[in-house]
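Residues in the sequence shown are numbered consecutively from 1, following full-length UniProt numbering.
Note that beta-carbon positions come from the ideal geometry of N, C-alpha and C, so glycine has one too.
Since this is a predicted model, take the numbers as computed values, not measurements.
Report on the following structure.
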Amino acid sequence: MDKLHFHDMTLTWLDGGVTSLDGGAMFGVVPKPLWSRKYPVNEKNQIELACEPILIQYNGKNYMIDSGIGNKLNEKQIRNYGVTEQSNIEESLQKLGMTVEDIDGILMTHMHFDHASGLTKYEGDRLVSTFPKAKIYVSQIEWDEMRNPNIRSKATYWAENWEPIQDQVVTFTDFIEVAPGIEMIHTGGHSDGHAIVKLKQKGETLIHMADIMPTHAHQNPLWVMAYDDYPMTSIFAKEKLLKEAYTNGYKFIFYHDAYYRMVQWDESGKDIIDSLKRSKEAKIQF
1 MDKLHFHDMT
11 LTWLDGGVTS
21 LDGGAMFGVV
31 PKPLWSRKYP
41 VNEKNQIELA
51 CEPILIQYNG
61 KNYMIDSGIG
71 NKLNEKQIRN
81 YGVTEQSNIE
91 ESLQKLGMTV
101 EDIDGILMTH
111 MHFDHASGLT
121 KYEGDRLVST
131 FPKAKIYVSQ
141 IEWDEMRNPN
151 IRSKATYWAE
161 NWEPIQDQVV
171 TFTDFIEVAP
181 GIEMIHTGGH
191 SDGHAIVKLK
201 QKGETLIHMA
211 DIMPTHAHQN
221 PLWVMAYDDY
231 PMTSIFAKEK
241 LLKEAYTNGY
251 KFIFYHDAYY
261 RMVQWDESGK
271 DIIDSLKRSK
281 EAKIQF
């Protein structure tokens, strides 16, 4: 498991599963000859996307960013979403001497199935919370839509991912400080309730842009997904955050990127000056 030490925080990427989604959908209107130079694609036009939660160990508490793809997908879902691996979160935690009951908080950037399916699991034929002692943080807008999806979003907001955990949910409107130095900020864009995460320590910042910038190859503000419900909101939010990040030397961390865990660009945004590569080799390579 890949680790990143950030002052008083230790970040560990857990084994949450892998999907292979259509590259055109993931890069929207961007022509394939452009995006395929930055992110590899297979003969089915699929790109590899990890679904790997980031464990944050800090001040004696254990937090996770998102929850992985879970273990309850059916054969049709596995085929349609190109799932090559489902979650092994419990096994990842065991390697760290932990169990699911040691997770104190889960920071849900949004509740699409590839981020939220790991929140629940089957015990026999009954769905239960995977992390029974955790507070689950999500924006109020996202939580409302999760429970009452529209004609478009009902394909990704599944009742089995929220019904067993509703008593654990803590909502916020624009901003919440989960703990000193751990912030969630509502952006909208990818979904109406989408949020990002900032980790702050001793004047430095790690920023997790979630699905308004799912991989390092989505760095261009205009490169947004066809999956985005509000693409112009994604573009404006990303443009603002990138400018802030370049100016202040933020490092970017990723849930979906199959090649990088962390990337830092220079102030111009043109050159990578620091990075942490994903040690697990992706199946799709250039």
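Item to check | Contacts around residue 58, its chain only, beta-carbon distance under 8 Å, and the 5 residues preceding and following it disregarded | outcome: 8, 9, 10, 179, 181 and 182
Next on the checklist: Using the Cβ count rule (16 or more neighbours within 10 Å means buried), how would you classify residue 34?
Outcome noted: exposed
Next on the checklist: Can you determine whether any heavy atom of the ligand HEM sits closer than 7 Å to the C-beta of residue 189, and answer yes or no?
Outcome noted: Because no ligand of any kind appears in the structure shown, any question about the ligand HEM cannot be addressed here.
Item to check | residue 207 (DSSP reduced to helix, strand or coil) | outcome: strand
Checklist entry - Looking at C-alpha atoms only, which residue of 163, 258, 195 and 117 is the closest neighbour of residue 241? => result 195
Item to check | Alpha carbon of residue 224 to alpha carbon of residue 48, nearest angstrom | outcome: 17 Å
Checklist entry - Given 8 Å as the limit, is there contact between the segment 201 to 219 and the segment 153 to 167, that is, 3 or more CB pairs closer than that? => result no
Checklist entry - Sorted by chain position, which residues of the same chain lie with C-beta nearer than 8 Å to residue 100's C-beta, five sequence neighbours on each side aside? => result 89, 90, 93, 130, 131 and 132
Checklist entry - Got a sec, what are the start and stop residues for the beta strand (DSSP E) residue 155 sits in? => result Element bounds for residue 155: n/a, residue is neither H nor E.
Checklist entry - At which residues does the alpha helix (DSSP H) containing residue 236 begin and terminate? => result 231 to 248
Item to check | Expected contact under 8 Å - CB spacing of residue 22 and residue 45 to nearest Å | outcome: 6 Å
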